[in-house]
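Chain order of the listed sequences is A and B.
Using the numbering used here, the first residue of the first sequence is number 137, and each one after it goes up by one.
Using the numbering used here, the first residue of the second sequence is number 1108, and each one after it goes up by one.
Glycine included, each C-beta is placed from N, C-alpha and C at the ideal position.
Have a look at the structure below, then the notes.
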Amino acid sequence: MYLAAEGAHNPILPIWQEMVVGTISFALLVFVLLKFVMPRMEAMYQARVDAIEGGIKRAEAAQAEANKLLEQYRAQLAEARTDAAKIRDDARADADGIRQDILAKAREESDRIIAAGKEQLAAERATIVRELRTEVGTIAVDLASKIVGESLADEARRKGTVDRFLSGLESTGAR
Amino acid sequence: MSGQLVVAQDLPWPPSVGDFYPPDVAGPWVTKFSIMIWIAVALLIIFFVAAYRKPKLVPGKGQWAAEAVYGLVRDNIAREQMGNAGIRFAPYLTVLFSFILLTNIFSIVPGLQISPNSHIAFPIVLAAISYVMYNYVGVRKHGLGKYLKQSLILPGVPWPMHFLLIPIEFLQNFVVRPVTLALRLFANMFAGHLLLLVFTVGGFVMLGSSSVFVQATSVFSFAMAIVMAFFEALVAVLQAYVFVTLSANYIGTSLADEH
């Protein structure tokens, strides 16, 4: 009564019209926002969480995939390297073997050729020596017969005179 | 002495409760306060609907602001106080938070310069909704008997203590909680407005003094008024946060399985 007389209101006592206004207006606000805005906001919130988490998950998957591929490539590369090294080693061994073979064959061949040549040479020499010997003997005997006038052929052949002479020649030649 | 000043300057000095009750604009239904409430409701609806008219995964400015408020209430209040079960209350708590915040900020908006919440009618409405909500949620989850038992009976106490504890718990959970919820918000906004009045009007009163020394001192009064305006902004945000956090906490205790 005192306050009312002063034209002032007790601040602890609510004005009932204001409570009605407050209730109605706040109810309207809550109704509109809860019906039209907040569900979409929560949905958007979830969608964003999904998008971000999904993005992270996708990125992780891609990362894992990339790592796997990298590992695979590395393994393949290492394998290829081992293969290459092995092939190189094999090739080197093969080449070595082939070279050895060829060398051996060539050496054999050359030895054979040399041996054959030597043999042939020796044979020819022997033949020539033999022929020369007979020829020289015949010529010498013929010459002597002509000089001496009688046939020494049989005599000389019988006593080996010519051979002895020739041997003596050889031995002086050799000295 | 002060009466002389008021007469001299035609200023309402000292500030009184009457300053909180400006003359009605048109009858008891259309007052400055009810108009401010409607303005707040309209602004919030326009802001949120406009910001969320076409929501995108990568938000624009308006959408980002709306989501910042929602994210704050959802993660820092609802989930903090109630765990993941509390997220379904986040939409209502967001509306509550933005409504209290905006109406509190009115206390330092030029032209309005008073918060509707400095009339206790509006905090009472908001506290009553929270009160009904946390009791309803508790009864629906546990059933009336179990909810009352959980709210009133502390486990692990010797039985004679209950003669003392049950009334205290009853008072605590069903009387003190809603009353303090409403009173805290009301009193903060009331006192904040009174402080601003004291320093601003006081400054003008000192300026109108006949003594030069008192006139010079009015500078400090105005400076203080500016500081208090910033302080009022802080209080506005803080009280909105506290009101919503406590509401969430009460709902959380109703939902909890233990006392």
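{"Item": "If the cut-off is 7 Å on Cβ atoms, which residues from the segment 1151–1168 of chain B count as contacting chain A, listed in chain order?", "Value": "Leu1151, Ile1152, Phe1155, Val1156, Tyr1159, Pro1162 and Leu1164"}
{"Item": "Terminal residues of the continuous alpha helix (DSSP H) containing B:Met1268?", "Value": "That residue, B:Met1268, is in no alpha helix (DSSP H); it is neither H nor E in DSSP."}
{"Item": "Closer than 9 Å between beta carbons: that is the criterion. Which residues of the segment 176–200 of chain A meet it against chain B?", "Value": "Arg176, Met177, Glu178, Ala179, Met180, Tyr181, Ala183, Arg184 and Ala187"}
{"Item": "What is the rounded straight-line gap between the Cα of B:Asn1183 and the Cα of B:Ala1172?", "Value": "16 Å"}
{"Item": "Could you list which residues in chain A have their beta carbon closer than 8 Å to that of B:His1300, in chain order?", "Value": "Per Cβ cutoff of 8 Å: no residues; B:His1300 is ~11 Å from chain A at best."}
{"Item": "B:Ile1184 versus chain A: which residues are under 8 Å apart at the beta carbon?", "Value": "Correct list: empty, because the minimum Cβ distance to chain A is about 14 Å."}
{"Item": "Run through chain E and tell me which residues come within less than 7 Å of B:Ile1231, C-beta to C-beta.", "Value": "Absence of chain E from the displayed structure is noted, the protein chains being A and B."}
{"Item": "I want to know whether the segment 1285–1300 of chain B touches the segment 1215–1226 of chain B - three or more CB-CB distances under 8 Å.", "Value": "yes"}
{"Item": "According to the neighbour-count rule (16 or more other Cβ atoms, all chains shown, within 10 Å of its Cβ), is B:Phe1206 buried or exposed?", "Value": "buried"}
{"Item": "Pull up the distance between the alpha-carbon of A:Gly253 and that of A:Glu306, whole angstroms please.", "Value": "25 Å"}
{"Item": "Does any CB atom of chain B fall closer than 8 Å to the CB of A:Thr218?", "Value": "no"}
{"Item": "Throw me the rounded Cβ distance for the B:Ser1237 and B:Tyr1357 pair, which I believe falls under 8 Å.", "Value": "7 Å"}
{"Item": "If you reduce the DSSP assignment to three classes, tell me which class B:Val1137 lands in.", "Value": "strand"}
{"Item": "Using a 10 Å radius around the Cβ and a threshold of 16 neighbouring Cβ atoms, would you call B:Gln1279 buried or exposed?", "Value": "exposed"}
{"Item": "Would you call the CB atoms of B:Pro1119 and A:Glu178 closer than 8 Å?", "Value": "no"}
{"Item": "Please report the Cβ distance between B:Ala1234 and B:Leu1200, rounded to the nearest whole angstrom; I am assuming they are in contact, meaning their Cβ atoms lie under 8 Å.", "Value": "So it is not a contact: roughly 14 Å between Cβ atoms."}
{"Item": "Are there 16 or more other CB atoms within 10 angstroms of the CB of B:Ala1147, so buried, or fewer, so exposed?", "Value": "buried"}
{"Item": "Can you find a CB in chain A that lies within less than 8 Å of the CB of B:Gln1148?", "Value": "Gln is not the amino acid found at residue 1148 of chain B; the sequence shown has Val there. Output row for B:Val1148: interface = yes."}
{"Item": "Please determine, among B:Gly1193, B:Arg1160 and B:Thr1210, the residue with the shortest C-alpha to C-alpha distance to B:Gln1346.", "Value": "B:Thr1210"}
{"Item": "Using 8 Å for Cβ pairs, my map puts B:Phe1306 next to B:Met1335. What's the rounded Cβ distance?", "Value": "6 Å"}
{"Item": "Got a sec: is the Cβ-Cβ distance from B:Ile1275 to anything in chain A below 8 Å?", "Value": "no"}
{"Item": "How would you label B:Asn1191, buried or exposed, when you count the other beta carbons within 10 angstroms and need 16 or more for buried?", "Value": "exposed"}
{"Item": "Measuring straight from C-alpha to C-alpha, what distance separates A:Gly158 and B:Pro1265?", "Value": "45 Å"}
{"Item": "Taking C-beta pairs closer than 7 Å, name the residues in chain B that A:Leu165 reaches, listed in chain order.", "Value": "Val1148, Leu1151, Ile1152, Val1202 and Phe1206"}
{"Item": "Within 8 Å (strictly less), CB to CB, does B:Ile1221 reach chain A?", "Value": "no"}
{"Item": "First and last residue of the alpha helix (DSSP H) that includes A:His230?", "Value": "In the sequence as presented, His is not what sits at residue 230 of chain A; that position holds Asp. Counting along the chain, the alpha helix (DSSP H) containing A:Asp230 begins and ends at Met174 to Val284."}
{"Item": "Counting only C-beta atoms, is B:His1249 closer than 8 Å to chain A at any point?", "Value": "no"}
{"Item": "Can you grab the Cα-Cα spacing for the pair B:Thr1324 / B:Tyr1159, in whole Å?", "Value": "50 Å"}
{"Item": "Return the first residue and the last residue of the alpha helix (DSSP H) that B:Ala1172 is part of.", "Value": "Lys1168 to Gly1178"}
{"Item": "Could you tell me which of B:Phe1204, B:Gly1178 and B:Leu1362 sits nearest to B:Ala1343, measuring between CA atoms?", "Value": "B:Phe1204"}
{"Item": "Under 8 Å, Cβ to Cβ, is there at least one residue of chain A near B:Ile1212?", "Value": "no"}
{"Item": "What is the C-beta distance between B:Gly1169 and B:Ala1157, in whole angstroms, given that I count them as a contact (C-beta under 8 Å)?", "Value": "6 Å"}
{"Item": "With DSSP as the reference, label B:Leu1112 as helix, strand or coil.", "Value": "With a pLDDT of 44 at B:Leu1112, under the threshold of 50, the predicted position of this residue should be treated as unreliable, though the coordinate-derived value follows. DSSP places B:Leu1112 in helix when its eight states are reduced to three."}
{"Item": "Does chain A have any CB closer than 8 Å to the CB of B:Ser1141?", "Value": "yes"}
{"Item": "Mapping DSSP to helix, strand and coil, what is B:Ser1354?", "Value": "helix"}
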